[in-house]
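Trainee: Residue numbers (the numbering used here): 2 to 390. Yeah, the Cβ is synthetic: ideal placement off N, Cα and C, and Gly gets one too. Keep in mind it's a predicted model, so treat the numbers as computed, not measured.
See the structure below:
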């Protein structure tokens, strides 16, 4: 289900196009895109609902975005406490058959029923087409990519730089792994040297089998593009991953929409959901969710039962991409979970956990927070306040 390499003649302008911009779909790949029921009037279209786009939003954001006060709000007040993940941690089999390791932002290593799926891997210092400019990491990667182990498949949600990273893709391509991506995204991968035979491109509701798992592309409300001007010719997706004994959901980037309930009815409930809760703004309300919307999406995916499974908040903490305070997505997710009676897990970047076991709440994102052992349980306290509450 992969496309063919571009066949159009090279333009003199091609040599000026950064490699990180990727490539536009052409040939049979473009023909397949045009046959998609989700492609109309020359572009992929979102599910039904509000249709506001982020066009012009950055111009309205810029006046205060780079002030010293705003920069402080968008950055952690202290070094982010990355968990010291080791090769041995990742090599040890999961006791329950399902283990998740959040590497930061939307990157998650999901170990499901004996298979390893790496979702939206970004190991570069910046999420940008240029190594000298663009949003920079707020914490180091928890483990070098070379030590994370070979995944059975790499799954990409869409082609924005904070989800599809050229350097990471090129490194993973050398492992011989399979790439499973939404329609059109394969053009970028082939441009960067991934063989067509190792790329599977899916439209919404299509699925493929990898290492005993079923990977299904499901709808999301977002958009695409890597260059200065972009035709909406690459699809965006959320993902359902189902094994013999476990199933998980990864939202990619999306605004809240009624389709989460439909996905839950078709594929849920889930042992774990990985839900985007960061980089939101009133300037683009339809393409990114706020924490309370993310929690509602989790409940919808669990067929209305908030007590089922666990929610892992993603798309926050690693890159500053919006004007909200850095820790607000974590605080908002915890508050929303308490309101709904849901289970939310907010691990330090790089800390593996098994959804069946969960994790004690560790508000590591708050300045001065430390873990304190009490009996056989682990709780948390704030420096100077331990024992005072």
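When you compare each of 165, 207, 204 and 347 to residue 190 by their alpha carbons, which one comes out closest?
Mentor: Within the chain shown, numbered from 1, the residue matching residue 190 stands at position 189. Residue 190 has its Cα closest to that of 165, out of 165, 207, 204 and 347.
Trainee: Can you give the Cα-Cα distance for residue 386 and residue 329, rounded to whole angstroms?
Mentor: Counted from its first residue, the chain shown places residue 386 at position 385. Counted from its first residue, the chain shown places residue 329 at position 328. Caution is warranted here: a pLDDT of 25 is assigned to residue 386, below 50, making its placement in the model unreliable, and the coordinate value is therefore given only provisionally. Answer to the nearest angstrom: the Cα atoms are 21 Å apart.
Trainee: Any idea what DSSP makes of residue 137, helix, strand or coil?
Mentor: Locating residue 137 in the chain shown gives position 136, counting from the first residue. Of the three classes helix, strand and coil, the one that applies to residue 137 here is strand, per DSSP.
Trainee: Do you know offhand how far residue 326's Cα is from residue 138's?
Mentor: Start at 1 with the first residue of the chain shown, and residue 326 comes out as number 325. Start at 1 with the first residue of the chain shown, and residue 138 comes out as number 137. Rounded to the nearest angstrom, the two C-alpha atoms are 16 Å apart.
Trainee: Could you check where the beta strand (DSSP E) with residue 239 kicks off and where it finishes?
Mentor: One-based indexing of the chain shown puts residue 239 at position 238. It spans 239-243 - the beta strand (DSSP E) in which residue 239 sits, taken as one unbroken run.
Trainee: On the CB-based measure, 16 or more other CB atoms within 10 Å of its CB, does residue 248 come out buried or exposed?
Mentor: Within the chain shown, residue 248 is the residue found at index 247, counting from 1. Buried, because 16 or more other Cβ atoms sit within 10 Å of the Cβ of residue 248.
Trainee: Do residue 87 and residue 124 have their CB atoms nearer than 9 Å?
Mentor: Within the chain shown, the letter at position 86 stands for residue 87. Within the chain shown, the letter at position 123 stands for residue 124. No, the pair does not count as a contact, with Cβ atoms beyond the cut-off.
Trainee: Would you kindly check if the distance between the Cβ of residue 34 and the Cβ of residue 156 is under 9 Å?
Mentor: Here the question's residue 156 lines up with position 155 in the chain shown. Here the question's residue 34 lines up with position 33 in the chain shown. Result no, Cβ atoms of residue 156 and residue 34 do not sit closer than 9 Å.
Trainee: What residues in its chain sit with their C-beta under 7 Å from that of residue 113, if we drop five residues either side in the sequence?
Mentor: Here residue 113 corresponds to residue number 112 of the chain shown, with the count starting at 1. Only 99, 214, 242, 244, 247 and 249 meet the Cβ criterion.
Trainee: Measuring alpha carbon to alpha carbon, tell me which residue in 298, 323, 321 and 318 is nearest residue 311.
Mentor: The sequence position of residue 311 within the chain shown is 310, counting from 1. Checked all of 298, 323, 321 and 318; the closest Cα to residue 311 is 298.
Trainee: So, with DSSP's three-state summary, where would you put residue 34?
Mentor: Here residue 34 is taken as the residue at index 33 of the chain shown, counted from 1. Helix at residue 34.
Trainee: Can you tell me whether residue 210 is buried or exposed, with buried defined as 16 or more other CB within 10 angstroms of its CB?
Mentor: For this step, residue 210 is matched to residue 209 along the chain shown. By the neighbour-count rule (16 or more Cβ atoms within 10 Å), residue 210 is not buried but exposed.
Trainee: Considering only residues of the same chain and omitting the five flanking positions on each side of residue 303, which have a CB-CB separation below 7 Å?
Mentor: Working through the chain shown from its first residue, we reach residue 303 at position 302. Same-chain partners within the cutoff: 265, 269, 270, 271, 309 and 310.
Trainee: Ordered along the chain, which non-local residues of its own chain (more than five positions away) have a Cβ less than 6 Å from that of residue 108?
Mentor: If you number the chain shown from 1, residue 108 lands on position 107. Closer than 6 Å at the Cβ level, and outside the excluded window around residue 108, lie 121, 122 and 123.
Trainee: Is residue 5 helix, strand or coil when you go by DSSP?
Mentor: Start at 1 with the first residue of the chain shown, and residue 5 comes out as number 4. Any reading at residue 5 needs caution, since the residue's pLDDT is 38, under 50, leaving its predicted position unreliable; the model's value is listed next. Residue state, collapsed to three classes: coil.
Trainee: Tell whether a beta-carbon distance below 9 Å holds between residue 105 and residue 274.
Mentor: Reading the chain shown from its first residue, position 104 is the one you call residue 105. Reading the chain shown from its first residue, position 273 is the one you call residue 274. Going by C-beta atoms, residue 105 is not nearer than 9 Å to residue 274.
Trainee: Just to confirm, is the Cβ distance from residue 184 to residue 203 under 9 Å?
Mentor: As a first step, residue 184 is located in the chain shown; it is residue number 183 there, counting from the start. As a first step, residue 203 is located in the chain shown; it is residue number 202 there, counting from the start. In contact: residue 184 and residue 203 (Cβ atoms closer than 9 Å).
Trainee: Are the CB atoms of residue 237 and residue 251 within a distance shorter than 9 Å?
Mentor: Taking the first residue of the chain shown as position 1, residue 251 is located at position 250. Taking the first residue of the chain shown as position 1, residue 237 is located at position 236. Not a contact, by the Cβ cut-off of 9 Å.
Trainee: So residue 218 and residue 205 are in contact, right, with Cβ under 8 Å, and what is the actual spacing, rounded?
Mentor: Stepping through the chain shown from its first residue, residue 218 is reached at position 217. Stepping through the chain shown from its first residue, residue 205 is reached at position 204. The Cβ separation is near 5 Å, so the contact holds.
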